[in-house]
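Just below is one structure, and these are the notes that go with it.
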Amino acid sequence: MKTNTSRKEPTMITLRMMSTALLMNERDELLMMKRSLHRTLSPGLWAAVGGHLEPNEIRQPRTACLREIYEETGIEADEIEGLRMQYVLLRLNGQEIRQQFFYIGRTRVNPRVVTSEGDLYWIPREQVLEREIPFIFRSLLQHYFDVGDTPHPWVGSAGFDEDTGEPTIHWHPLLDPLRV
């Protein structure tokens, strides 16, 4: 029996889930991390606090967010006001689907730990977009600054603008169609 050795095996698409916090203080500053140059993902760029969901957190991205906040800042859950999911972002990176949950909250507490992941700074809202930020995160921040807090989360999917062919995020309100 002859076998076809030129046929490619199907490529497996994997899933990476992350949870991120956009923490603001009373001066309307956003807590941002200037990522270490030694990081694999976005070295030297500005980002928010967050990271990957652990296996026991797959159904609890808020738990993962609170854990990441504590690990990277030392800020405790009871020191954060109004933490709620505002965005779910989907994008394809090679053969990996990345799903990221973004939570918005406020705190009066300054970070109190040092992390090898990067340095933490409070950045005034009007200066946030002047930083060197990955495209996906910049798009999310621009949307949030334009739209503000809403009673529902938003879903963003990375893709291309049909007219220009440029990378973009397509935003849609996340609503339960049976309760609208």
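For the sequence shown, the numbering used here assigns the number 5 to the initial residue and increments by one for each residue that follows.
Where is the CB? At the ideal position from N, CA and C, for every residue including glycine.
Open item on the list: Looking at Arg116: is its Cβ nearer than 9 Å to the Cβ of Ile79?
Closed with: In the sequence shown, counting from the first residue as 1, residue 116 sits at position 112. In the sequence shown, counting from the first residue as 1, residue 79 sits at position 75. Contact: yes.
Task: Inter-residue Cα distance where the pair is Arg20 and Arg102 - done: Taking the sequence shown and counting its residues from 1, the one referred to as residue 20 is at position 16. Taking the sequence shown and counting its residues from 1, the one referred to as residue 102 is at position 98. When only Cα atoms are considered, Arg20 and Arg102 end up about 5 Å apart.
Open item on the list: Based on DSSP bridge pairs, tell me the residues matched to Gly54.
Closed with: Numbered from its first residue, the sequence shown carries residue 54 at position 50. DSSP lists Thr24 as partners of Gly54.
TODO: Note down the Cα distance separating Ser40 from Ile137, rounded to an integer number of angstroms.
DONE: Against the sequence shown, residue 40 aligns to sequence position 36. Against the sequence shown, residue 137 aligns to sequence position 133. So the alpha carbons of these two residues sit roughly 13 Å apart.
Open item on the list: Give me, in chain order, the residues of the same chain whose beta-carbon lies closer than 8 Å to that of Gln90; leave out the 5 immediate sequence neighbours on both sides.
Closed with: Residue mapping note: residue 90 aligns to position 86 of the sequence shown, counting from 1. The answer, listed in chain order, is Leu26, Phe106, Tyr107, Ile108, Tyr148, Asp153, Thr154, Pro157, Trp158.
- [ ] Determine which residues share a DSSP beta bridge with Val92 and list them.
- [x] Walking along the sequence shown from the start, residue 92 turns up at place 88. Beta-bridge pairing links Val92 to Phe105, Val159.
Open item on the list: In whole angstroms, give me the CA-to-CA distance for Pro65 and Thr24.
Closed with: For the purposes of this step, residue 65 is identified with residue 61 of the sequence shown, where counting begins at 1. For the purposes of this step, residue 24 is identified with residue 20 of the sequence shown, where counting begins at 1. Cα to Cα, the separation comes out at about 9 Å.
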